[in-house]
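Enquirer: One structure, as structure tokens, below. Some questions next.
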Amino acid sequence: MLVYRNFRYFKWAALLVLASVIAYWLHQPFAGVPNGGTWLGYVLGTIGAGIIFWLTYLGIRKRRYGIHREGAGKDKRKDGIKLEDWVSAHIYFGLSLIIVATLHTGFQFGWNLHTLAYALMIIVIVSGIFGVYAYIRYPQLMTENRRGLTLNNMLAQVADLDKEMRGITMSMGENINAAVLRAAQETRVGGSFGRMLAGQDASCPTTAARVLVEQVAHQPHDDEAALRRLLSLLVRKEELLRRARRDVQFSALMQIWLFVHVPLSFGLLAALTAHIVSVFFYW
Ligand code: HEM
Ligand code: HEM
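Numbering-wise, the sequence shown is residues 4 to 286 according to my numbering.
Here it is in structure tokens:
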């Protein structure tokens with residue numbers, strides 16, 4: 004999505020940025036201070052607002068189109084525009100706003116509605132940058148972490164291990180029996196968004212059971228072979244849980260930025276509309 008069509012959208016956006024910088028540099032404002040109210044201020048503001056409205060539209064269009072992600076890119080839309088066009092243009096023109104909108108303001112900031120719109124824009128852009136990073140980085144980490152298994156495979160293996168362990172612990176002491184039962188019944192992968200993001204569980208009942216069995220195994224015991232077997236199964240389960248939780252964590256990280264990006268882009272639209280209306284009102 005970044006190198007798409009030989010950087011076509013990067014080039015267009017870079018051209019826009021360059022033209023804005025040159026115009027700002029050559030521009031001699033009547034009042035002496037560059038600001039949003041000069042003719043160049045109006046031009047850059049209008050371009051900036053145009054890009055913001057257009058990006059929101061692209062984002063929504065892309066989302067609707069994104070339902071068919073499997074074939075994305077290959078099948079063209081009716082108007083011949085591919086998914087990558089939308090995303091690539093979205094990214095580069097989004098980034099160009101950092102320059103275009105900043106030059107529009109003439110670096111005049113204050114505690115006002117105008118600067119609120121500007122701040123929201125910056126947050127939306129920064130979250131977008133994180134999104135691109137996430138889409139590039141996490142799929143590869145996920146593949147490495149999964150090592151050929153799906154999340155469902157991992158959880159199915161965990162269930163098999165639980166069953167096998169329950170068979171072994173029947174003949175063991177009450178404390179081990181209870182700990183392994185708890186590990187089977189109360190171990191959680193994911194849950195609330197916070198737990199998904201954490202990617203681990205500090206009070207995991209499976210870890211507690213493993214620690215207990217380790218302690219018991221250090222003391223002389225009648226049934227050492229069975230204890231060793233139980234310990235190895237618990238270690239294997241812990242390892243699977245670790246990977247499953249990482250998998251859930253990566254999925255959550257790939258979504259979390261959207262919870263900032265999308266609502267705040269609508270907040271931005273509202274603040275921007277208010278900004279534009281207010282400057283015409285006071286004019
Ligand atoms: C049609 C689009 C736009 C128009 C007509 C417009 C108009 C103006 C005008 C007339 C000013 C000068 C206000 C003053 O000196 O009191 C201004 C300042 C400003 N504009 Fe815009 N603007 C537009 C788009 C944008 C965009 C896209 C942003 C950023 C998200 C933005 C952020 C600001 C900021 C931060 C200031 C400086 C406010 C200050 O002096 O404290 N504007 N704009
Ligand atoms: C002020 C500028 C921006 C606005 C208003 C905006 C708005 C939006 C909206 C409304 C969506 C649709 C989300 C959805 O429902 O799927 C979206 C998606 C997206 N945006 Fe932005 N965006 C902006 C800037 C950026 C920037 C600078 C980047 C990257 C550097 C970026 C990266 C993305 C990506 C990768 C998606 C696709 C998410 C998905 O897979 O659905 N955006 N944006």
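Backbone N, C-alpha and C fix where the C-beta goes; we use that ideal spot for every residue, glycine too.
1) Below 7 Å CB to CB, which residues in the same chain sit around residue 73 once its five sequence neighbours on both sides are set aside?
2) Locate the alpha helix (DSSP H) running through residue 218, then write down its first and last residues.
3) Could you tell me whether any non-hydrogen atom of ligand 2 is closer than 7 Å to the CB of residue 93?
4) Taking only three categories from DSSP, how would you classify residue 175?
5) Applying the criterion that 16 or more other CB atoms from any shown protein chain within 10 Å of the CB defines a buried residue, is residue 271 buried or exposed?
6) Would the C-beta of residue 281 count as close to ligand 2, meaning under 7 Å from any of its heavy atoms?
7) Can you tell me whether residue 14 is buried or exposed? The criterion is at least 16 other CB atoms within 10 Å of its CB, across all chains shown.
8) Rank 88, 30 and 238 by C-alpha distance to the C-alpha of residue 12 and give the top, closest one.
9) How many Å lie between residue 173 and residue 236 at the Cα?
10) In angstroms with no decimal places, state the Cα-to-Cα distance between residue 181 and residue 140.
11) Evaluate residue 91 with the Cβ neighbour count: other Cβ atoms within 10 Å of its Cβ, from every protein chain shown; 16 or more gives buried, anything less gives exposed.
12) Considering only C-alpha positions, which residue in the set 56, 27 and 31 is nearest to residue 274?
13) What's the C-alpha gap between residue 164 and residue 265?
14) Ignore the nearest five residues each way along the sequence and tell me which others in residue 267's own chain have a CB closer than 6 Å to its CB.
15) With distance defined between alpha-carbon atoms, name the residue in 225, 159, 106 and 252 nearest to residue 194.
16) Can the beta-carbon of residue 104 be found less than 8 Å from the beta-carbon of residue 51?
17) Which term fits residue 120, buried or exposed, when burial requires 16 or more other beta carbons within 10 angstroms of its beta carbon?
18) Under 8 Å, with one C-beta from each stretch per pair, do the stretch 186-206 and the stretch 242-260 reach the 3-pair mark?
19) Taking 7 Å as the limit between beta carbons, can you name the residues of its chain near residue 47, skipping five residues before and five after?
20) Is residue 78 helix, strand or coil by DSSP?
21) If you follow the alpha helix (DSSP H) that residue 200 is in, where does it begin and where does it stop?
22) Per DSSP, what kind of secondary structure is residue 59 in: helix, strand or coil?
23) Given a cut-off of 8 Å, decide if residue 134 and residue 260 are closer than it, judged by their beta-carbon atoms.
Expert: If we stick to the structure as given:
1) The sequence position of residue 73 within the sequence shown is 70, counting from 1. Any answer about residue 73 is weak, because its pLDDT of 43 lies below 50 and its placement is not dependable; what the coordinates show is given next. Excluding sequence neighbours, residue 73 sits near nothing in its chain.
2) In the sequence shown, counting from the first residue as 1, residue 218 sits at position 215. Residue 218 -> alpha helix (DSSP H) spans 208-221.
3) Here residue 93 is taken as the residue at index 90 of the sequence shown, counted from 1. Yes, since a heavy atom of ligand 2 falls inside the 7 Å radius drawn around the Cβ of residue 93.
4) Here residue 175 refers to the residue found at position 172 of the sequence shown. Of the three classes helix, strand and coil, the one that applies to residue 175 here is coil, per DSSP.
5) Taking the sequence shown and counting its residues from 1, one reaches residue 271 at position 268. By the neighbour-count rule (16 or more Cβ atoms within 10 Å), residue 271 is buried.
6) Counting from 1 along the sequence shown, the entry for residue 281 is found at position 278. No.
7) Residue mapping note: residue 14 aligns to position 11 of the sequence shown, counting from 1. Exposed is the call here.
8) Taking the first residue of the sequence shown as position 1, residue 12 is located at position 9. When only C-alpha atoms are compared, the closest one is 88.
9) Residue mapping note: residue 173 aligns to position 170 of the sequence shown, counting from 1. Residue mapping note: residue 236 aligns to position 233 of the sequence shown, counting from 1. The alpha-carbon atoms of residue 173 and residue 236 are separated by roughly 15 Å.
10) Your numbering for residue 181 matches position 178 in the sequence shown. Your numbering for residue 140 matches position 137 in the sequence shown. Going by the C-alpha atoms only, they are around 41 Å apart.
11) Mapped onto the sequence shown, residue 91 falls at position 88. Under this definition residue 91 is a buried residue.
12) On the sequence shown, position 271 is the one that residue 274 refers to. Nearest option by C-alpha distance: 56.
13) Stepping through the sequence shown from its first residue, residue 164 is reached at position 161. Stepping through the sequence shown from its first residue, residue 265 is reached at position 262. About 42 Å.
14) Working through the sequence shown from its first residue, we reach residue 267 at position 264. Same-chain partners within the cutoff: 123, 126 and 127.
15) For the purposes of this step, residue 194 is taken as residue 191 along the sequence shown, with counting starting at 1. Closest by alpha carbon: 252.
16) By 1-based counting over the sequence shown, the position of residue 104 is 101. By 1-based counting over the sequence shown, the position of residue 51 is 48. Yes, Cβ-Cβ distance for residue 104 and residue 51 is below 8 Å.
17) Locating residue 120 in the sequence shown gives position 117, counting from the first residue. Label assigned to residue 120: buried.
18) yes
19) The sequence position of residue 47 within the sequence shown is 44, counting from 1. Closer than 7 Å at the Cβ level, and outside the excluded window around residue 47, lie 23, 103, 106 and 107.
20) The residue given as residue 78 occupies position 75 in the sequence shown. Only weak support exists for where residue 78 lies, its pLDDT of 47 falling under 50; the coordinates are left without a value.
21) For the purposes of this step, residue 200 is taken as the residue at position 197 of the sequence shown. 196-201 is the extent of the alpha helix (DSSP H) around residue 200.
22) Your numbering for residue 59 matches position 56 in the sequence shown. DSSP places residue 59 in helix when its eight states are reduced to three.
23) Working through the sequence shown from its first residue, we reach residue 260 at position 257. Working through the sequence shown from its first residue, we reach residue 134 at position 131. Yes; because the gap between Cβ atoms is below 8 Å, this pair is in contact.
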